[in-house]
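Here's the structure, in structure tokens; my notes come after.
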Amino acid sequence: MTPQAPGYLPSALRVFDMSTGEMLWSRRTIFMALIVGAPVLIALVVRLVFALGAPSPTVNGTVMAGPAIFGLMIWIFYLRFIVPVLGVFYGTSLIADEVEDKTITYLFSRPIPRGSVLLGKYLAYLACTVFVVLPSVIIVYLCITPVRGSLGGSFIDLVKDLVLLGIGLAAYGAVFAFIGAKFKRPLLIGLIFVFGWEQAALAFPGYMKQFTVAYYLQALVPHAMPNDGIISLVQSIFRETPSLSVSLFALAVIVVGFLALAAAVVERREYVLEQ
Amino acid sequence: MTKKTRYFLAGSAAIIVAGLTTGLIAFKLGGPALFASRTGPAELSYVPADAGVVAFANVREVMDSELRQQLKQALPVADHANGQKEFQEETGIDIEHDIDHVVAAMTSVGPNDAHGLVVARGRFNNTQLETLARNHGGVVEDYKGKRLVTVTEHHDGSSDSSNVRGVHSITLAFLESGLVGIGSEDAIKTAIDAQLSAHSITSNDEMMELVSQIDSGNNAWAVGRFDAIANHAKLPQDIQSRIPAVKTFAVMAHIDGGLSGTVRAEARDDQSAENLRQVINGLLALGRMQGQNDPKVAAMMQSLQTSGTGKTVAVSFAVPAELLQMMAKAHHAEER
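Line by line, the protein sequences are chains X and L.
Take 1 as the starting number for the first sequence in my numbering and just add one per residue.
Take 276 as the starting number for the second sequence in my numbering and just add one per residue.
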């Protein structure tokens, strides 16, 4: 009597178990460590500088306290760069790497739904990125917020930041998992989406910004948006903030919707391995 | 999943949990007392959390400043020296050398019932101070391990303790070695409670943010809520309704060879701040116009500069020592 094939979720978890280590100890992780380590290094340097008695930086005559600097770092480093870039680099390669390494055949020859392979790899991506990015945020929080501020006073903001960064990784990962499954050159498309389409759509008035992930994600941020350039200034002028419930619902729809689409693409597509 | 991967994920999870736990403990315990880098003097732990105004003065630095030395030389010191000497003989405190810094606060339970509190760090003769208070009818009590001496005065001159309306009490408290507090009985007891329960001004994020914005080079400052002083000033309703919508204020000064400082206010919104900046610029222009004939006034007005964006309005000033000496001499001559 042939044993029953595992279900969708157990299959996904099995793929997750197998892929987490591969993803975590790949060369791509060196890149992730570098970009995630940069804000930690900056936080340590800033803390050291303040401990040695340097005066607080001022912006427009207002002294920047630790919590304000932490908020700026969340915006500039994590929200605008680290989260989308990790989503692009990891999300687009979930299936693409297996195709490139010609190992996808072994995965698809198993008696498990093809979509569960994608889901398992997505969960592995989420685990790898969450368990690298969030500790980095914690370290930055512990170093920076006590400078002319307090850990307790910024705790609620920290929790909100951790949740929204996790949601951001999930949302971008789902979008780029679909792009990686569907298109050729998904990395290029992903970078154009993040640094081209999203920036432009947020800067112009109208409904186009609703077709970005950043629009909903930035609505969850508890810190003030920095004006660090012309584009930021323009975006802040035309900034419309959706409500919390709308943002969370939209992000949930993005995660579930794009994962479903990616799974559907993987189920139907014939992957031709280049000889 | 290999063992290495499991250890890595467990380590990361441990960092996340440790960070969140640290933050949660700081949040529950009112944070700044345990985990913040020191913002403001340690004596802020005696200021109740609901204080409307908090002020600080580094008396040592001010007394040792070049400006004070120059003013002492420029002005006759006979009257001043006699007063200081008499004060020292009664209290044992040499104002020039024995007081390091003071923290003052205004707390109140209502608009008509302001309580003031002054906490001074320095070298004090506790016995002499207590004796002085007892000689003025002071009553000694022990409040949560701190020694208090309360002197009760009756405004109508009677000693009838049933006449509550005319009663005013001042309490001298020996808070720690080298730290004394003076204020109303309620204010002193509230201060002691604040320090013991860690529910002091250091747990008031709004006020501590104001304190944290004080540059470290200033040797005197005051911060607070504008409504706290507006209510106690008992301004007529007509005037009070016309005062700009200012939420908080901060005044800071640095006294060395001259006097420089900044007065900063935060308005309720950008429009109020812009209106306030325009009003101040207008007043400064008027002042400069009217002070053209008086070099002292002209020099003073030239040193005033407005700045600030968004909800912040700031006026900075820098008065050189020579100008202050001129003004002090002119004032002294007028008094004679």
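Don't be surprised by glycine CBs; every beta carbon is placed ideally from N, CA and C.
These figures come from a predicted structure and were not determined experimentally.
Endpoints, alpha helix (DSSP H) assigned at glycine 166 of chain X: 155-182
Quick one: what does DSSP say alanine 448 of chain L is sitting in, helix, strand or coil? strand
Rounded to whole angstroms, what is the Cα-Cα separation between valine 256 of chain X and alanine 174 of chain X? 8 Å
Unbroken alpha helix (DSSP H) run spanning phenylalanine 289 of chain X, endpoints: With chain X covering only 1 through 275, there is no way to say anything about residue 289 of chain X.
Please list the terminal residues of the continuous beta strand (DSSP E) segment that includes glutamine 580 of chain L. 580-582
I'd like to know whether the C-beta atoms of phenylalanine 178 of chain X and valine 265 of chain X end up nearer to each other than 8 Å. yes
Chain X beta carbons: is any one of them nearer than 8 Å to that of leucine 559 of chain L? no
State the start and end residues of the unbroken alpha helix (DSSP H) segment that holds glycine 21 of chain X. 8-24
Interface residues of the stretch 148-173 of chain X facing chain L [CB-CB below 9 Å]: Arg148, Gly149, Ser150, Leu151, Gly152, Gly153, Ser154, Phe155, Ile156, Leu158, Val159 and Leu162
With respect to the beta strand (DSSP E) encompassing serine 535 of chain L, which residues constitute its N-terminal and C-terminal limits? 534-542
By how many angstroms is the C-alpha of alanine 448 of chain L removed from the C-alpha of alanine 473 of chain L? 19 Å
Since methionine 120 of chain X and alanine 33 of chain X are thought to touch, with beta carbons under 8 Å apart, how far apart are those beta carbons, to the nearest angstrom? Reading the sequence as shown, one finds glycine at residue 120 of chain X and not methionine. Rounded, the Cβ-Cβ distance is 23 Å, inconsistent with contact.
Chain L within 8 Å of isoleucine 82 of chain X, Cβ atoms only: no
Between the beta-carbon of glycine 168 of chain X and the beta-carbon of leucine 79 of chain X, is there less than 8 Å? yes
So what's arginine 422 of chain L in DSSP terms, helix, strand or just coil? strand
List the endpoints of the continuous beta strand (DSSP E) containing lysine 522 of chain L. 521-530
Kindly indicate which three-state DSSP category glycine 562 of chain L falls into: helix, strand or coil? helix
Determine whether the Cβ of glycine 21 of chain X lies closer than 8 Å to any Cβ atom of chain L. yes
Cβ of leucine 319 of chain L within 8 Å of any chain X Cβ: no
Selection from X:Ser116, X:Gly71, X:Arg110 and X:Glu270 that minimises the alpha carbon distance to leucine 137 of chain X: The sequence shown places valine at residue 137 of chain X, rather than the leucine named in the question. It is X:Gly71 whose Cα lies nearest to the Cα of valine 137 of chain X.
Once DSSP output is grouped into helix, strand and coil, what is the label at threonine 241 of chain X? coil
Leaving out five residues before and five after methionine 527 of chain L in sequence, what residues of the same chain have Cβ atoms less than 6 Å from its Cβ? Ile489, Asn493, Trp496, Gly536 and Thr537
Endpoints, alpha helix (DSSP H) assigned at glycine 37 of chain X: 28-51
Cβ-Cβ distance between valine 594 of chain L and glycine 532 of chain L below 8 Å: no
Where does glycine 412 of chain L land, buried or exposed, given buried means 16+ other C-beta within 10 angstroms? exposed
Could you tell me the alpha carbon to alpha carbon distance between alanine 38 of chain X and tyrosine 172 of chain X, rounded to whole angstroms? 21 Å
Could you compute how far the alpha carbon of glutamine 553 of chain L sits from the alpha carbon of arginine 396 of chain L? 41 Å
From X:Leu191, X:Ile42, X:Ala214 and X:Leu158, pick the residue whose C-alpha is nearest to that of alanine 170 of chain X; which is it? X:Ala214
When you compare the CB of valine 88 of chain X with every CB in chain L, is at least one pair closer than 8 Å? no
Using a threshold of 8 Å, state whether the C-beta atoms of valine 278 of chain X and valine 133 of chain X are closer than that. It is not possible to answer for residue 278 of chain X, since the shown part of chain X is limited to 1 through 275.
Interface residues of chain L facing aspartate 17 of chain X [CB-CB closer than 8 Å]: Met276
For alanine 127 of chain X, return the contacting residues in chain L, with the cut-off set at a CB-CB distance below 9 Å. Leu284
Buried or exposed for leucine 586 of chain L, please, with buried defined as at least 16 other CB atoms from any protein chain shown within 10 angstroms of its CB. Residue identity differs from the one stated: residue 586 of chain L is lysine in this sequence, not leucine. Counting Cβ neighbours within 10 Å, lysine 586 of chain L comes out buried, since at least 16 surround it.
Taking C-alpha atoms, which residue in X:Met208, X:Ala203 and X:Thr129 lies nearest to serine 287 of chain L? X:Thr129
What three-state label does DSSP hand alanine 288 of chain L in the structure shown? helix
Given valine 588 of chain L, which residues of its chain have a CB within under 6 Å of its CB, disregarding the five upstream and five downstream residues? Ala540, Ala548, Leu551 and Arg552
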